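One structure below.
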Amino acid sequence: MSETAATQSPWQTVTITRIEKRTPRVTSFFLQPSRPFTYRAGQHVDVRLTAPDGYQARRSYSIASAPETGETIELAIEKLDDGEVSPFFHEVAAVGDEVELRGPLGGHFVWSDSDGGPLLLVGGGSGVVPLMAMIRHRAARKSLVPVALVFSVRVWDEIIFRDELIGLNDRQDGFDLVLTLTREPARRPQDYARRVDVHMMVQTMMRLPEPPGLAFVCGSNAFVSAAAQALIDAGVPAGLIRTERYGV
Amino acid sequence: MVTRGFSSGRKPPTDTDARIPPGQYLEQGFPVLSAGPTPRVRTDDWSFTLKHGPRPIKKWSWAEFNALPMSKMTRDIHCVTAWTKFDTAWQGVLVDDILADAGIEPPTAFTLALSYDGYTTNVPTKDLTAGKAMVALLYEGKPITADHGGPARLLVPHLYFWKSAKWVNGLQFTERDEPGFWELRGYHIYGDPWREQRYTGDP
């Protein structure tokens, strides 16, 4: 093999350094790359698992950590009962285990504080993960770009990053958290207890000092379809809305 | 590198193995992916334009386009997010028949597919002709839903599925291979699933 042919594989080994349960179905895995990389808030990575017979499975996961946090990246992975990779993480993976990772990936569903705002974020369930990276990036940069997050979950105990989000909201530095629970009553005055709709989007936009310069929507396909339509009906131009969908 | 504790329980049976490109898994459903909100295009408002650079060559209304020769394609499709779906059945107008109706031979070696939402994707012209690609109007015998790119989507099944532009409203011949929406955002310029050309920098 000639020297020029020895190009580096885009895959690298990462080591699980910490595991933290976030909700009954979502657990965070902290990964130390062997080749640390920089990334932008909202990007994802591909994770690859290899069986003894060579069979490989790969899935994409959004990065939850902010680029400023250091070399370790956080993936918050929801357990899917019929999944192939997420059950491995939830049932098998332990601190010290190694998996393969490729990334960072994606150049559209990303935000930096220099991109400005105001920012309207709409997340359903684990769709909050890339939005969390944006919110953490804003906090790490001490940015004052106004940001509102509408976070839809079924019940209070399924609110991923709940204490951290409420803590950031309580700083009153321009980050506004609006929770909407679809199967429980609301617990805070600004919260809702229903699925996202146009009225909720209009009211959330009124929390921002001016109309959003960008909107990011992430969640299941059904959630993203409904939320993006609600944003359009609330007057947000389609060209300002970026979406990321998962599931069938 | 073998992953501790991971087994090949989902490995596809060998009779289907040869149909699944490297790094893909078999999906029974039909996942929906897009970069923005779903445009709702009424067929009354729909049109399709063939262009050479900025210059329109021919434009069809929905009725005119539906009067073109219809063909069927049943193909396996491969999404870059790693799912593969077998035997998807489409009906529409082959790019060959669009060119024939316009009375032209392909003027350049490169094409950019254009969509209602501003999405673009580049495909070499030779990957669109000789029966390889169509503008699909029906999926499994029914109008394509807006989620899946209706009223019309490009179908280039031998490339990763982001090349099969949803809500397509035109093909533009270009002098050079001009990267489209995802190709400018880290995805491979060509996108052959059998060579696993997912991202920029893949061989």
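Order-wise, the sequence lines are chains A and B.
Just so you know, UniProt numbering puts 202 at position 202 of the first sequence, and the rest follows in order with no gaps.
Just so you know, UniProt numbering puts 119 at position 119 of the second sequence, and the rest follows in order with no gaps.
Beta carbons: idealized from backbone N, C-alpha and C, even for Gly.
Small disclaimer: the values here were computed from a predicted structure and weren't measured.
Start-to-end residues for the alpha helix (DSSP H) that takes in residue i
i: W62/B; result: W62 to N66
i: I16/A; result: Segment W11 to K21 is the beta strand (DSSP E) holding I16/A; no alpha helix (DSSP H) there.
i: A222/A; result: N221 to D233
i: L99/B; result: V95 to A102
i: M201/A; result: V198 to M205
i: T14/B; result: T14 to D17
i: F89/A; result: S86 to E91
Reference residue i; option with closest CA among the options
i: E20/A; options: F29/A, M134/A, V198/A and G83/A; result: F29/A
i: T145/B; options: F30/B, P203/B and K59/B; result: F30/B
i: F151/A; options: R171/A, V128/A and L168/A; result: V128/A
i: Q32/A; options: K142/A, I73/A, A186/A and A234/A; result: I73/A
i: I232/A; options: D197/A, A222/A and R207/A; result: D197/A
i: A35/B; options: D202/B, D101/B and G149/B; result: G149/B
i: W156/A; options: R171/A, Q172/A, R138/A and E184/A; result: E184/A
i: S126/A; options: V147/A, L168/A and S60/A; result: S60/A
i: P12/B; options: W162/B, P203/B and K85/B; result: K85/B
i: L214/A; options: A140/A, A66/A, H44/A and G116/A; result: G116/A
i: Q28/B; options: V147/A, D82/A, V217/A and S86/A; result: D82/A
i: S8/B; options: P52/A, V145/A and S225/A; result: P52/A
i: A148/A; options: H90/A, Q43/A and L119/A; result: L119/A
i: Y139/B; options: T125/B, L155/B and K132/B; result: L155/B
i: I77/A; options: P10/A, S62/A and E68/A; result: S62/A
i: residue 250/A; options: G5/B, L68/B and A82/B; result: No statement about residue 250/A is possible, as the shown extent of chain A runs from 1 to 248 and does not include it.
i: M206/A; options: L105/A, W111/A and P146/A; result: P146/A
i: L114/B; options: F6/B, R153/B, T3/B and T38/B; result: R153/B
i: F65/B; options: G201/B, R75/B and W46/B; result: W46/B
i: F181/B; options: L49/A, F109/A and G167/A; result: F109/A
i: R187/A; options: L240/A, L168/A, E210/A and V153/A; result: V153/A
i: A203/A; options: R194/A, Q190/A and R195/A; result: Note that residue 203/A is Gln in the sequence shown, not Ala. With distances taken between Cα atoms, Q203/A lies closest to Q190/A.
i: F110/B; options: G118/B, V123/B, Y116/B and A133/B; result: V123/B
Short CB-CB distance (under 8 Å) between residue i and chain B
i: P10/A; result: yes
i: G106/A; result: yes
i: V196/A; result: no
i: T4/A; result: Here T4/A scores only 40 on pLDDT, less than 50, and its place in the model should not be relied on; the value that follows carries that caveat. So, not an interface residue.
i: A228/A; result: yes
i: V248/A; result: Confidence at V248/A is low in this model, with a pLDDT of 47, below 50, so its placement is unreliable and the value that follows should be read with caution. It does: the Cβ of V248/A has a partner Cβ on chain B nearer than 8 Å.
i: A234/A; result: no
i: A51/A; result: yes
i: V92/A; result: yes
i: T13/A; result: yes
i: G239/A; result: yes
i: N221/A; result: yes
i: T204/A; result: no
i: residue 249/A; result: Outside the modelled stretch of chain A, which goes from 1 to 248, sits residue 249/A, for which no answer is possible.
i: V150/A; result: no
i: S225/A; result: yes
i: Q56/A; result: yes
Cβ neighbour criterion (16 or more within 10 Å) applied to residue i
i: S114/A; result: exposed
i: F37/A; result: exposed
i: E71/A; result: exposed
i: A94/A; result: exposed
i: M200/A; result: buried
i: S34/A; result: exposed
i: T4/A; result: Since pLDDT at T4/A reaches only 40, below the 50 mark, its modelled position is unreliable, and the value read off the structure follows with that caveat. Counting Cβ neighbours within 10 Å, T4/A comes out exposed, since fewer than 16 surround it.
i: G141/B; result: exposed
i: I98/B; result: buried
i: V248/A; result: Low local confidence applies: a pLDDT of 47 at V248/A is under 50, so the model's placement there is unreliable, with the coordinate-based value given in what follows. It is exposed - the Cβ of V248/A has fewer than 16 other Cβ atoms within 10 Å.
i: R195/B; result: exposed
i: G219/A; result: buried
i: P130/A; result: buried
CB contact below 8 Å: residue i versus chain A
i: S115/B; result: no
i: Y139/B; result: no
i: M70/B; result: no
i: K51/B; result: no
i: A165/B; result: no
i: residue 241/B; result: The displayed coordinates of chain B run from 1 to 203. Any statement about residue 241/B would go beyond what the structure contains.
i: Y190/B; result: no
i: F86/B; result: no
i: P193/B; result: no
Limits of the unbroken beta strand (DSSP E) element including residue i
i: F110/B; result: F110 to S115
i: L50/B; result: S47 to H52
i: E244/A; result: I241 to Y246
i: I20/B; result: Segment: none, I20/B is in no beta strand (DSSP E) and carries neither H nor E.
i: M73/B; result: S71 to H78
Residue i: contacting residues in chain D (beta-carbon distance under 8 Å)
i: E78/A; result: Absent here is chain D; the protein component of the structure consists of chains A and B.
The ligand PLP heavy atom lying under 7 Å from the CB of residue i
i: G124/A; result: With respect to the ligand PLP, the structure shown offers nothing to examine, as it has no ligands at all.
*Considering only residues of the segment 106 to 176 of chain A, which uninterrupted alpha helix (DSSP H) runs meet the minimum length of 4 residues and lie entirely inside it, listed in chain order?*
Segments of the alpha helix (DSSP H) lying fully in the segment 106 to 176 of chain A: 128 to 140 and 162 to 170.
*Mind pulling the beta strand (DSSP E) runs of 3 or more residues that sit fully within the segment 118 to 199 of chain B?*
Runs of the beta strand (DSSP E) inside the segment 118 to 199 of chain B: 120 to 124, 134 to 139, 153 to 155 and 168 to 174.
*Quick one: complete beta strand (DSSP E) runs, 3+ long, within the segment 10 to 81 of chain A?*
List check, beta strand (DSSP E) in window: 11 to 21, 26 to 33, 44 to 50, 56 to 62 and 73 to 78.
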